[in-house]
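Number of protein chains: 2
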Amino acid sequence: MLKRRLNRVLPPPPGCALSLCVRYLRGAWTANILWYLKHQPRRFSELRGDLPGISSKVLAQRLRRLEEDGLVARLRARSSPVSIEYSLTDLGLDIQPALAVLVIVGEKIKRRSLS
Amino acid sequence: MLKRRLNRVLPPPPGCALSLCVRYLRGAWTANILWYLKHQPRRFSELRGDLPGISSKVLAQRLRRLEEDGLVARLRARSSPVSIEYSLTDLGLDIQPALAVLVIVGEKIKRRSLS
DNA sequence: CAGCATCCTGCGAGATACTG
DNA sequence: CAGTATCTCGCAGGATGCTG
Chain A
1 MLKRRLNRVL PPPPGCALSL CVRYLRGAWT ANILWYLKHQ PRRFSELRGD
51 LPGISSKVLA QRLRRLEEDG LVARLRARSS PVSIEYSLTD LGLDIQPALA
101 VLVIVGEKIK RRSLS
Chain B
116 MLKRRLNRVL PPPPGCALSL CVRYLRGAWT ANILWYLKHQ PRRFSELRGD
166 LPGISSKVLA QRLRRLEEDG LVARLRARSS PVSIEYSLTD LGLDIQPALA
216 VLVIVGEKIK RRSLS
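Protein chains in written order, with my numbering: chain A, 1 to 115; chain B, 116 to 230.
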């Protein structure tokens, strides 16, 4: 059956740069995954440790989409005990400043909600 | 029936500042709505014009959540022809720099995908 | 004008179990 | 270790129509 990847969800929001970028961060975990890849490549189970509560299914899904979107690269490091490293591509690096600002705003929000 | 608002979606991603902030931008239109409120207060139908393709239902939902989250303020401007103005709160202003960076990254992405 | 009501689709996510 | 399979739930969003 023809799979209808018609982009029905998130379909015709204005094609401006903001929507373009936000689209990459869809999903509750996506931004955090990119954040933990900032400093070094990480393996699947390392990322699962970084993100307490994520299921392997969701992590695999997010990583797969990030790879499709060209933000994350996949490298099979070893094969005897299977080991796969995920790292940021150039595009993934480009998006990091945006995440940094989101973190700063998030901390402001946190402080505000405490007071 | 007891409505189970258990926050099942987006529930226990690490409670870090990044997740906190990303939570406010959930939804395809949210970031754009905030963006169009940046320079001046806007009325409902003005926003609908700003965001070609959005339905009034979705716009009303997003505005309501933004109001709950404390990012947007609602002001009944006139009552004879009902007119309601939406504007950014201080918190809504705080998040603007993050959106600005997302726009810049989005433009980089756009340029990259053209070449 | 500024929405709300209703019905429907598709995706993100959780839980659990299983595999090479 | 790095996933896949199956099931269920809830939300974002579209379409259409209606209201004060």
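All C-beta atoms in this analysis are idealised placements derived from N, C-alpha and C, irrespective of residue type, glycine included.
Measuring only the C-alpha atoms, how far is residue i from residue j?
| i | j | result |
| --- | --- | --- |
| Arg158 of chain B | Pro52 of chain A | 42 Å |
| Leu217 of chain B | Leu75 of chain A | 28 Å |
| Ala189 of chain A | Cys131 of chain B | Residue 189 of chain A is absent from the model: chain A starts at 1 and stops at 115. |
| Ile224 of chain B | Pro97 of chain A | 14 Å |
| Arg114 of chain B | Leu47 of chain A | Since the first and last residues shown for chain B are 116 and 230, residue 114 of chain B lies out of range. |
| Cys21 of chain A | Gly221 of chain B | 5 Å |
| Thr89 of chain A | Gly70 of chain A | 7 Å |
| Ser19 of chain A | Ser202 of chain B | 21 Å |
| Val173 of chain B | Ala28 of chain A | 20 Å |
| Gly92 of chain A | Ala192 of chain B | 44 Å |
| Thr145 of chain B | Glu182 of chain B | 12 Å |
| Ile219 of chain B | Asp94 of chain A | 10 Å |
| Gln155 of chain B | Trp35 of chain A | 33 Å |
| Ile33 of chain A | Pro14 of chain A | 27 Å |
| Ala73 of chain B | Arg23 of chain A | In the structure displayed, chain B extends from 116 to 230; residue 73 of chain B sits before or after that span and is not available. |
| Asp50 of chain A | Leu37 of chain A | 10 Å |
| Glu85 of chain A | Leu114 of chain A | 38 Å |
| Arg141 of chain B | Arg26 of chain A | 8 Å |
| Arg62 of chain A | Ser45 of chain A | 14 Å |
| Arg112 of chain A | Ile169 of chain B | 31 Å |
| Ser56 of chain A | Ser80 of chain A | 21 Å |
| Ser83 of chain A | Ala60 of chain A | 14 Å |
For the alpha helix (DSSP H) containing residue i, name the first residue and the last one.
| i | result |
| --- | --- |
| Pro212 of chain B | 211–229 |
| Cys21 of chain A | 17–24 |
Run the proximity test for residue i: is its beta-carbon closer than 7 Å to any non-hydrogen atom belonging to the ligand GTP?
| i | result |
| --- | --- |
| Ala77 of chain A | This structure lacks the ligand GTP; in fact it carries no ligand of any kind. |
(message) I'd like the ranges of any alpha helix (DSSP H) spanning at least 4 consecutive residues and lying wholly in the region 142–206 of chain B.
(response) 145–151, 159–165, 171–183
(message) Taking beta-carbon pairs under 9 Å, can you tell me which members of the region 212–229 of chain B lie near chain A?
(response) Pro212, Ala213, Leu214, Ala215, Val216, Leu217, Val218, Ile219, Val220, Gly221, Glu222, Lys223, Ile224, Lys225, Arg227, Ser228
(request) Scan the region 181–214 of chain B for residues whose Cβ lies nearer than 8 Å to a Cβ of chain A and list them as they occur along the chain. (result) Leu206, Asp209, Ile210, Pro212, Ala213, Leu214
(request) Report the residues of the region 152–177 of chain B with a CB closer than 7 Å to any CB of chain A, ordered along the chain. (result) Leu166, Pro167, Gly168
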